[in-house]
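Sequential numbering from 320 applies to the sequence shown in our numbering.
Step one of this worksheet: look at the structure below.
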Amino acid sequence: MSKYEALFEDEDSLFGGTPKSKYWDIATQANEEIVQDEFHKVVEKFAVMEAMLREKYDDIELDSIIKQYVFENEEQIDNHTKGLYIEFTGDIVCRLDS
Numbered sequence: 320m321s322k323y324e325a326l327f328e329d330e331d332s333l334f335g336g337t338p339k340s341k342y343w344d345i346a347t348q349a350n351e352e353i354v355q356d357e358f359h360k361v362v363e364k365f366a367v368m369e370a371m372l373r374e375k376y377d378d379i380e381l382d383s384i385i386k387q388y389v390f391e392n393e394e395q396i397d398n399h400t401k402g403l404y405i406e407f408t409g410d411i412v413c414r415l416d417s
């Protein structure tokens, strides 16, 4: 059981919505500079991971590998995506208090 699995048993009861909807609720209400800075961190991390993978695979091959992996691991990816939304929401909320 993943550390967030219990939160996803009934998405509609999680703080009044899904992890994705709660992220956007907070992101659209929070200080724009904080949200932009946190989004930049996500994009930067994505860029690093993509660059690392591109050392081994070309663009077409990489896209194919990603699609196949998502197809074969849909539930795992879905749960991890929800966990990331929760993490990113927490990152924004923590910055609001500082």
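Where is the CB? At the ideal position from N, CA and C, for every residue including glycine.
T337 sits in coil when the DSSP states are folded into three classes, being neither helix nor strand. The beta carbons of I345 and V389 sit no closer together than 8 Å.
Taking every protein chain shown into account, the CB of T400 has fewer than 16 other CB atoms within 10 angstroms, so this residue is exposed. For K339, the closest alpha carbon among the candidates N392, L403, D416 is that of L403.
Nearest C-alpha to F407 among D378, I353, S383: I353. Note on geometry: alpha-carbon atoms of E393 and Y376 lie some 22 Å from one another. The three-state secondary structure of K375, taken from DSSP, is coil. In the three-state scheme derived from DSSP, where H, G and I count as helix and E and B as strand, N392 is classed as coil.
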